[in-house]
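Visitor: So the sequence shown is numbered by my numbering: it starts at 1 and just counts up by one.
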Amino acid sequence: MEQMKAADYQGALNSFEQARRYNDSAAAAHLGLGITYFHLRNDQCAERELNRALEINPREVIAYQFLGELYYRKDDIDSAASYWEKAVALDPSASGLRARLERVRKEHKTEKDFTQDVTVHFLVKYEGREKIEDGRIVLRILEDAYGEIGRALSYYPDHEIQVILYSDQQFQEITDAPGWSDGIYDGKIRISLGGIEKNTQGLRRTLYHEYTHAVVRAIMPRVPTWLNEGLAQYFEGREIDERQKEILRCIAQAGKLPPHSNLKGSFMGLGSEQAVFAYLISLSSVRYMIDSFGMYRVKDVLEELAAGTDTDSAISKSIMLSYEEFDSNWKRSLE
Ligand SMILES: [Zn+2]
Numbered sequence: 001m002e003q004m005k006a007a008d009y010q011g012a013l014n015s016f017e018q019a020r021r022y023n024d025s026a027a028a029a030h031l032g033l034g035i036t037y038f039h040l041r042n043d044q045c046a047e048r049e050l051n052r053a054l055e056i057n058p059r060e061v062i063a064y065q066f067l068g069e070l071y072y073r074k075d076d077i078d079s080a081a082s083y084w085e086k087a088v089a090l091d092p093s094a095s096g097l098r099a100r101l102e103r104v105r106k107e108h109k110t111e112k113d114f115t116q117d118v119t120v121h122f123l124v125k126y127e128g129r130e131k132i133e134d135g136r137i138v139l140r141i142l143e144d145a146y147g148e149i150g151r152a153l154s155y156y157p158d159h160e161i162q163v164i165l166y167s168d169q170q171f172q173e174i175t176d177a178p179g180w181s182d183g184i185y186d187g188k189i190r191i192s193l194g195g196i197e198k199n200t201q202g203l204r205r206t207l208y209h210e211y212t213h214a215v216v217r218a219i220m221p222r223v224p225t226w227l228n229e230g231l232a233q234y235f236e237g238r239e240i241d242e243r244q245k246e247i248l249r250c251i252a253q254a255g256k257l258p259p260h261s262n263l264k265g266s267f268m269g270l271g272s273e274q275a276v277f278a279y280l281i282s283l284s285s286v287r288y289m290i291d292s293f294g295m296y297r298v299k300d301v302l303e304e305l306a307a308g309t310d311t312d313s314a315i316s317k318s319i320m321l322s323y324e325e326f327d328s329n330w331k332r333s334l335e
């Protein structure tokens, strides 16, 4: 379990396999194997082990939960919902799961008549045949992003990435995203198509941004938010203008910049002003990291994290500075 928490899935797989060999009728070993295979994207083995856990213990809520995740990932919403219903029936206090089930039902209702279009790497869904050209534009931009970001990070996700295009209203209903956001990545890229014909440049930025999140997640599911959002903004081509530089300089000189460790959690709950600031700091520090150490060092940080290294050591191993030294060097660069 500790290995799995640290995202060392290969290590966790070996440990759970050993546990299973000691006692093949222990539900926990099969459950652990199932969840680990799920993270390793070995769906077939994941399903087999989760079902085995349920044969041994039919009340294993978490097995139902992960079977739901598995089918949700495969875009089989009906099967996902039926597994989550079983989980909620067994554990009515699972409010997070109940909320997810509600959301997935809404999502299903909205998207069941959506049109689909695919390339080698992406599947895009949208409403109405008249949007066919919009779908094509989105796929073309995403294939560009796949190539460019792939070359920069030397990483190409090996699974199809789903992209769903919504009207502004659908986007608000489905995602509960804050008003300032026009795209999210939650395992699928979801985009509000409000201004597509009007502003293709804006669409390009949003798609590059969300696709970066998909790549980062594929390398390592748990990355500090400042690093994740900094990279996403870097690849969308966002610049820090003179006014923002001046703001950063003032705050840095006053010694009021937060340490990076305060920016590792989600930005989703932030008010719009705080969010603007958190994104700005993220972009500024990731740019500093890229300019000072090179993109391949940033990739090293991601890979160290993926290998189960904690953030402090991942940074110090990759850029030869401690987390605090990186923090203070970046702050000094702003003054
Ligand atoms: Zn983002």
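Glycine residues also receive a C-beta, built at the ideal position from the N, C-alpha and C atoms.
1. Given a cut-off of 9 Å, decide if Ile-319 and Arg-287 are closer than it, judged by their beta-carbon atoms.
2. Can Tyr-185 be considered in contact with ligand 1, in the sense that its beta carbon sits closer than 8 Å to one or more heavy atoms?
3. Would you kindly report the start and end of the unbroken alpha helix (DSSP H) that includes Ile-132?
4. Does the beta carbon of Ala-232 fall short of 8 Å from some heavy atom of ligand 1?
5. Rounded to a whole number of angstroms, what is the C-alpha to C-alpha distance between Tyr-22 and Ser-95?
6. Measure the Cβ-Cβ separation of Val-223 and Leu-321 and say whether it is below 9 Å.
7. Under 8 Å: does the beta carbon of Glu-229 sit that close to some heavy atom of ligand 1?
8. Could you check where the beta strand (DSSP E) with Tyr-156 kicks off and where it finishes?
9. Can you determine whether any heavy atom of ligand 2 sits closer than 8 Å to the C-beta of Asp-310, and answer yes or no?
10. Which residue marks the beginning of the beta strand (DSSP E) containing Gly-183, and which one marks its end?
11. Using CA atoms only, rank isn't needed, just tell me which of Thr-119, Phe-326, Val-276 and Met-295 is closest to Ser-261.
12. Measuring alpha carbon to alpha carbon, tell me which of Gly-271, Arg-332 and Phe-293 ends up nearest Pro-178.
13. So does His-39 have its beta carbon nearer than 8 Å to some heavy atom of ligand 1?
14. With a threshold of 8 Å (Cβ to nearest heavy atom), would His-213 be considered close to ligand 1?
15. Please list, in chain order, all residues of the same chain as Trp-330 whose beta carbon is under 6 Å from its beta carbon, the five residues on each side excluded.
16. Among Gly-128, His-121, Glu-133 and Leu-257, which one has its Cα closest to the Cα of Glu-143?
17. Counting Cβ pairs, one atom from each stretch, are 3 or more of them under 8 Å apart for the stretch 100 to 114 and the stretch 71 to 90?
18. Give the straight-line distance between the Cα atoms of Val-163 and Glu-242, rounded to the nearest whole angstrom.
Guide: Walking through what the data contain:
1. At the C-beta level, Arg-287 and Ile-319 stay beyond 9 Å of one another.
2. Between ligand 1 and the CB of Tyr-185, the shortest heavy atom gap is smaller than 8 Å.
3. Per DSSP, the unbroken alpha helix (DSSP H) holding Ile-132 starts and ends at 132 to 153.
4. For ligand 1, at least one heavy atom lies less than 8 Å from the Cβ of Ala-232.
5. Approximately 35 Å between the Cα atoms of the pair.
6. The Cβ atoms of Val-223 and Leu-321 do not sit closer than 9 Å to each other.
7. Yes.
8. Note, Tyr-156: premise wrong, no beta strand (DSSP E); not H, not E.
9. By its list of ligands, the structure shown excludes ligand 2, since it contains just ligand 1.
10. Element bounds for Gly-183: 183 to 185.
11. Checking every option, the nearest Cα to that of Ser-261 belongs to Phe-326.
12. With distances taken between CA atoms, Pro-178 lies nearest to Gly-271 out of Gly-271, Arg-332 and Phe-293.
13. No, the beta carbon of His-39 sits no closer than 8 Å to any heavy atom of ligand 1.
14. Shortest gap from the CB of His-213 to any heavy atom of ligand 1: under 8 Å.
15. Once the five neighbours on either side are set aside, the close Cβ partners of Trp-330 are Ser-285 and Tyr-288.
16. For the residues Gly-128, His-121, Glu-133 and Leu-257, the minimum Cα distance to Glu-143 belongs to His-121.
17. At 8 Å Cβ cutoff, the stretches touch.
18. One Cα belongs to Val-163, the other to Glu-242, and the distance between them is close to 35 Å.
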